[in-house]
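*Asks:* Quick one: the structure is below, and I'll ask about it shortly.
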Amino acid sequence: MKTQHSRQARQPAAIEPDPAREPAPIRVNTLTSVTTRVDPLDPRSLAQSRGAQIRAAVRRWHAFGSIAVLCSLALLLVPTSARADKIRDLVQVAGVRSNQLIGYGLVVGLDGSGDQTTQAPFTTQSLENMLQQFGITVPASARPQLKNAAAVMVTAELPPFAKPGQVIDVTVASIGNAKSIRGGQLLMAPLRGADGNVYAVAQGSVVVGGVSAQGKSGSSVQVNISASGRIPNGASVERTVASSFAGGGDLMLNLNTADFITAARIATAINRVYGAGTAQPLDGGSVSVRGPQDPAQKVEWLGAIQNLDVQPGDAPARIVVNSRTGTVVIGSDVRVSAAAVAHGAIQVTIGEQAQVSQPAPFSQGQTAIVPSSSVQVSEDGGHMFKFGPGVSLDAIVRAVNQVGATPSDLISILQALKQAGALHADLVVI
Numbered sequence: 011m012k013t014q015h016s017r018q019a020r021q022p023a024a025i026e027p028d029p030a031r032e033p034a035p036i037r038v039n040t041l042t043s044v045t046t047r048v049d050p051l052d053p054r055s056l057a058q059s060r061g062a063q064i065r066a067a068v069r070r071w072h073a074f075g076s077i078a079v080l081c082s083l084a085l086l087l088v089p090t091s092a093r094a095d096k097i098r099d100l101v102q103v104a105g106v107r108s109n110q111l112i113g114y115g116l117v118v119g120l121d122g123s124g125d126q127t128t129q130a131p132f133t134t135q136s137l138e139n140m141l142q143q144f145g146i147t148v149p150a151s152a153r154p155q156l157k158n159a160a161a162v163m164v165t166a167e168l169p170p171f172a173k174p175g176q177v178i179d180v181t182v183a184s185i186g187n188a189k190s191i192r193g194g195q196l197l198m199a200p201l202r203g204a205d206g207n208v209y210a211v212a213q214g215s216v217v218v219g220g221v222s223a224q225g226k227s228g229s230s231v232q233v234n235i236s237a238s239g240r241i242p243n244g245a246s247v248e249r250t251v252a253s254s255f256a257g258g259g260d261l262m263l264n265l266n267t268a269d270f271i272t273a274a275r276i277a278t279a280i281n282r283v284y285g286a287g288t289a290q291p292l293d294g295g296s297v298s299v300r301g302p303q304d305p306a307q308k309v310e311w312l313g314a315i316q317n318l319d320v321q322p323g324d325a326p327a328r329i330v331v332n333s334r335t336g337t338v339v340i341g342s343d344v345r346v347s348a349a350a351v352a353h354g355a356i357q358v359t360i361g362e363q364a365q366v367s368q369p370a371p372f373s374q375g376q377t378a379i380v381p382s383s384s385v386q387v388s389e390d391g392g393h394m395f396k397f398g399p400g401v402s403l404d405a406i407v408r409a410v411n412q413v414g415a416t417p418s419d420l421i422s423i424l425q426a427l428k429q430a431g432a433l434h435a436d437l438v439v440i
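So in the working numbering, spot 378 of the sequence shown is number 388, and the numbers just go up one at a time.
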């Protein structure tokens, strides 16, 4: 009995629920709206709770993915805004401009392709003046025959805000009868502005993109132009051009292409950011902007204005014709009213053939050459095509190509349509 009682004493007591214990926490699934009671001491209840949490997380992820896909589709379906350009690409600031420079100089070191001094005496005179500056006097009776020197004109463009010590590119072009200035060296040449002041000094090796060669028999080969070239960074700036931008007051924005709609939109974009009355369009080509008086603030302020987006107005309907090369450029907004066009070509052929007049035997006549001319006039069959009202550019090009018209024929057709009032575009002949 004692042994059996000791065994029963070693067995653990059964766990009974305590009525004073607080109720188990309730977890709420917000996606399914189902409440579950979890017993922290029941392994099966804990496993079910963890499974419910995993399933809820998966459902949240699927819902988030669906929302992301819908947002992406919504962004794709939103219509894109119209083309917008930066203000800096549409206007030029008054007072901020480049200046043209020009000078005269000598290119030496040519391989026998320089000026012929008998036909270009100014080359010899320029060389003599240069030698006198170094204390060398050329006798008056001397007539040096130079082949390795050429007189050139030097041009450059001085950019705005260029400071002394900066370098700019220059262009060198022969003004004599030099065949080529390839491999030549430009001697120091001062570059002057329109006011006569020296703003830069050029010197350096000439880079030529063309080449020419000539044989003793007179045959020659030439690729591009070898009588002109460039000197990259060949001029050093010596003087600064004063600019009105440094002073205070209003700024003037000049449009690259005059357009009333574009000018109004530029003023609207500036006033939207900086307040009403900041910008005012004066006409179709300029906009006045009220700026800060402090020049230090003016630079940052103008940079912010130039970075604003503006949708420019539509380009006017225009056709540009180059009668020398036969080039025709037609804008996309060109329209033609209802019209019928017939275009033919008249050809005049003149033939010259010399005939020999032989006298009869014993007639004491002389053989003579008698010219014989023949003139023929022929007219090719003209093609006729019809334009409907409001015809676009594609229809015009298609109709002209179908009849096999050349660029010269197209120019004549466009001029005739303009005279008839059927072409609603500006016809510019260059």
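Here a beta-carbon is modelled for each residue, glycine too, at the ideal position from N, C-alpha and C.
Does I178 pass the burial test, meaning 16 or more other C-beta atoms within 10 Å, or should it be called exposed?
*Replies:* buried
*Asks:* In three-state terms, what does DSSP make of Q450?
*Replies:* An answer regarding residue 450 cannot be provided, because it is not within the stretch 11 to 440 covered by the chain.
*Asks:* Flag this pair as yes or no: are the beta carbons of L116 and L197 separated by less than 8 Å?
*Replies:* Yes.
*Asks:* Can you give the Cα-Cα distance for G122 and T134, rounded to whole angstroms?
*Replies:* 15 Å
*Asks:* Is G287 near the ligand GTP, judged by its Cβ being under 7 Å from some heavy atom?
*Replies:* The model on display carries no ligand, and the ligand GTP is accordingly not part of it.
*Asks:* For L100, report the span of its alpha helix (DSSP H) as first-last.
*Replies:* That residue, L100, is in no alpha helix (DSSP H); it is neither H nor E in DSSP.
*Asks:* Less than 6 Å between C-beta atoms, sequence neighbours within five positions excluded: which residues of the same chain meet that for T165?
*Replies:* I112, T181
*Asks:* To which residues of the same chain is D95 closer than 8 Å at the C-beta, ignoring the five residues directly before and after it?
*Replies:* D319, V320, Q321, P322
*Asks:* For A212 and K189, what's the separation of their Cα atoms in angstroms?
*Replies:* 22 Å
*Asks:* Which of the three DSSP states, helix, strand or coil, is assigned to N266?
*Replies:* coil
*Asks:* Taking only runs that begin and end inside the segment 272–312, name each unbroken alpha helix (DSSP H) of 4 or more residues, in chain order.
*Replies:* none
*Asks:* Please determine if the segment 167–177 and the segment 97–111 are in contact, where contact requires at least 3 C-beta pairs separated by less than 8 Å.
*Replies:* yes
*Asks:* Label S418 either buried or exposed according to how many other C-beta atoms from any shown protein chain fall within 10 Å of its C-beta, with 16 as the threshold for buried.
*Replies:* exposed
*Asks:* With distances taken from CA atoms, which of D125, L137, F144 is nearest A160?
*Replies:* D125
*Asks:* How long is the line joining the alpha carbons of L437 and S246, rounded to whole angstroms?
*Replies:* 44 Å
*Asks:* What would DSSP say about S43, mapped onto helix, strand or coil?
*Replies:* Only weak support is given to the placement of S43: the predicted model assigns it a pLDDT of 41, under 50, and the question is left unresolved by the model.
*Asks:* Please state if the CB of V338 and the CB of I440 are separated by a distance shorter than 8 Å.
*Replies:* No, the pair does not count as a contact, with Cβ atoms beyond the cut-off.
*Asks:* With DSSP as the reference, please indicate the residues paired to L168 in a beta bridge.
*Replies:* N109
*Asks:* Return the first residue and the last residue of the beta strand (DSSP E) that T337 is part of.
*Replies:* That run of the beta strand (DSSP E) goes 337–340.
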